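The block underneath contains the structure these notes are about, expressed in structure tokens.
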Amino acid sequence: MFDKGCSLVKKHYNENIDKLLNPLDDRCENWDLWRECLTTPDFDSMANTLIPQSTSEDPFWTGSARTIFTAVAAKLGGIRIAVITNYYERY
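Take the sequence shown: its position 7, counted from the start at 1, is 6 in numbering that gives the first Met the number 0, and no numbers get skipped.
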């Protein structure tokens, strides 16, 4: 449920049942983009969700932002996997 003003959380939040997905809240559940997105199409889907198409501006800018997000996230995911693999191979 989306609670923009946090009024529902204040009244109804139960730490034993509810899970918060708000990175600005200390009670937020851990989430890892690179466990959620494993392939380039996954990153494309995430980019489309995070960067919605605006009706009032040139679609070039939205498309470019999505392309950059996908490329950087995929590259960082590959680096992250290599670093973790290297770490475990050393120990």
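Backbone N, C-alpha and C fix where the C-beta goes; we use that ideal spot for every residue, glycine too.
Just so we're clear, the structure is a prediction, and the values are computed from it rather than from any experiment.
Proximity below 7 Å, CB of residue i to CB of residue j
{"i": "A64", "j": "I50", "result": "yes"}
{"i": "Q52", "j": "T66", "result": "no"}
{"i": "W30", "j": "G76", "result": "no"}
Residue closest to residue i, alpha-carbon to alpha-carbon, out of the options
{"i": "F1", "options": "M45, L19, W33, G76", "result": "L19"}
{"i": "N21", "options": "E35, K3, M45, P40", "result": "K3"}
{"i": "T38", "options": "F59, I78, T69, R79", "result": "T69"}
{"i": "T23", "options": "A46, E56, C5, D57", "result": "In the sequence under discussion, the amino acid at residue 23 is Leu, which differs from the Thr named in the question. Nearest C-alpha to L23: C5."}
Alpha helix (DSSP H) segment containing residue i, residue limits
{"i": "E35", "result": "32-35"}
{"i": "N13", "result": "Segment: none, N13 is in no alpha helix (DSSP H) and carries neither H nor E."}
{"i": "D57", "result": "Neither: D57 is in no alpha helix (DSSP H) and is coded neither H nor E."}
{"i": "M0", "result": "Segment: none, M0 is in no alpha helix (DSSP H) and carries neither H nor E."}
Bridge partners - residue i, DSSP secondary structure assignment
{"i": "C5", "result": "In DSSP, C5 forms no bridge with anything."}
{"i": "L19", "result": "C27"}
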